[in-house]
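Student: Take this structure, written in structure tokens, and hold onto it; I'll ask about it next.
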Amino acid sequence: MNLEGKRVLVVGSGKSGVAAAELLRKKGITFVLFDGNKDLDVTALIEKNPVFAGAEILLGELAPEDMARIDLVVLSPGVPTDLPMVNELRNRQIPIWGEIELAYHFAKGRIIAITGTNGKTTTTSLLGEIMQAYFGDVKVVGNIGIPYTSVAADTTEATVTVAEISSFQLETAVDFHPQVSAILNITPDHLNRHHTMECYIETKESITKNQTAGDTCVLNYEDEVLRRFGE
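The numbers in the sequence shown follow the numbering used here, run straight up by one, and end at 268.
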């Protein structure tokens with residue numbers, strides 16, 4: 038999807054929303070900020086995050102006429118994908134991305150992506166250290182606390198990105214394609230968001246959906262769910 042001339046709705050004014058807005062502004066793409074908190078102090082928000090200065094800011098509810106002006110939605114990971122507003126945007130056939138997908142659209146180089154219920158941050162940090170011992174330009178990003186969007190514009194073909202990817206982030210991944218993926222384990226978690234264990238498992242396993250025979254997927258043989266997935 039070519040974003041030139043498009044109008045992007047950034048949903049959420051937290052860390053991910055700020056990083057997404059900064060990347061879009063850096064790339065010269067018009068964005069509108071939406072936050073469900075109708076009582077949000079816009080002046081304080083802009084003072085804290087100058088990237089929102091001059092942008093259209095919508096609070097509380099998204100009106101149909103606002104939806105009609107949007108070409109793409111970028112959801113922060115904390116925003117449930119089954120909210121009535123999100124479903125309405127989907128019904129209007131407006132593409133819905135997460136910040137990982139937005140970053141991937143602009144990023145270059147190779148990607149190692151790690152997911153799993155437990156141990157993601159430790160594994161991502163360790164892999165980041167290992168990669169830094171072998172490669173000159175390594176970015177460690179994702180659910181580890183550094184939005185992928187905050188470094189995407191600085192990547193080159195020589196960059197190796199190590200990304201911790203949560204199930205929330207995988208829900209809105211479309212073309213995201215890591216050269217190496219790893220699923221560490223899958224045990225019940227976030228069922229208030231995913232509703233069923235089957236949905237949670239499917240979301241975790243979707244980290245591999247765009248991988249091909251030339252890529253690598255590392256699975257934990259000791260995990261029965263992943264052993265079945267491997268087979």
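Where is the CB? At the ideal position from N, CA and C, for every residue including glycine.
Helix, strand or coil for I202 per DSSP?
Tutor: coil
Student: Run through DSSP, which three-state label would F68 get?
Tutor: strand
Student: Taking the C-alpha atoms as reference points, what is the distance between R106 and E208?
Tutor: Within the model, the alpha-carbon separation for R106 versus E208 is close to 24 Å.
Student: May I ask you to report which of helix, strand or coil DSSP gives E136?
Tutor: DSSP places E136 in the helix class (H, G or I) of the three-state scheme.
Student: Is P114 near F205, with beta carbons less than 9 Å apart?
Tutor: yes
Student: Looking at V197 and G251, is the spacing between their C-beta atoms short of 9 Å?
Tutor: no
Student: Just how far apart, CA to CA, sit D119 and L70?
Tutor: D119 and L70: Cα-Cα distance of roughly 19 Å.
Student: Looking only at C-alpha atoms, which of Y185, L61, E242 and D78 sits nearest to T266?
Tutor: For the record, residue 266 in the displayed sequence is Phe; it is not Thr. Comparing Cα positions, the closest option is E242.
Student: Kindly list the residues whose CB is nearer than 8 Å to the CB of T193, restricted to its own chain and excluding five residues on each side of it in sequence; keep chain order.
Tutor: K145, G146 and D174
Student: Measure how close the beta-carbons of D72 and L96 come, nearest whole angstrom, since I'm counting them as under 8 Å.
Tutor: The pair is a contact, with the Cβ atoms about 6 Å apart (cut-off 8 Å).
Student: When you compare the segment 122 to 138 with the segment 82 to 93, are there three or more beta-carbon pairs, one atom per stretch, that lie closer than 8 Å?
Tutor: No contact exists between the segment 122 to 138 and the segment 82 to 93.
Student: Give every residue of the same chain whose Cβ lies closer than 8 Å to the Cβ of N155, excluding the five residues on either side of it in the sequence, and list them in chain order.
Tutor: L221, N222 and T224
Student: Which stretch, first to last residue, makes up the alpha helix (DSSP H) that contains T158?
Tutor: If you look at T158, you'll find it in the alpha helix (DSSP H) that goes K157 to Q169.
Student: Assign F172 to buried or exposed, taking buried as 16 or more other Cβ atoms, counted over all protein chains shown, within 10 Å of its Cβ.
Tutor: Per the 10 Å Cβ criterion, exposed.
Student: Starting from the C-beta of E239, find all residues in its chain whose C-beta is less than 8 Å away, skip the five residues before and the five after it, and write them out in chain order.
Tutor: Apart from sequence neighbours up to five positions away, no residue of its chain approaches E239 with a beta-carbon distance below 8 Å.
Student: Which two residues bound the contiguous beta strand (DSSP E) that contains K176?
Tutor: V175 to G179
Student: Roughly how many angstroms separate the alpha carbons of C254 and Q216, rounded to a whole number?
Tutor: 8 Å
Student: Within the continuous beta strand (DSSP E) that includes V48, where are the two ends?
Tutor: Membership of V48 in the beta strand (DSSP E) is indicated by the continuous run R44 to V48.
Student: Have a look at the DSSP bridge pairing and note the partners of I220.
Tutor: T152 and L256
Student: From the DSSP output, read off the bridge partner residues of R147.
Tutor: V197
Student: Return helix, strand or coil for V292, following the three-state DSSP convention.
Tutor: Residue coverage of the chain in this structure runs from 38 to 268, which leaves residue 292 outside it and unanswerable.
Student: Mapping DSSP to helix, strand and coil, what is V116?
Tutor: coil
Student: Here's the rule I'm using: 16 or more other beta-carbon atoms within 10 Å means buried, otherwise exposed. How should E166 be labelled?
Tutor: exposed
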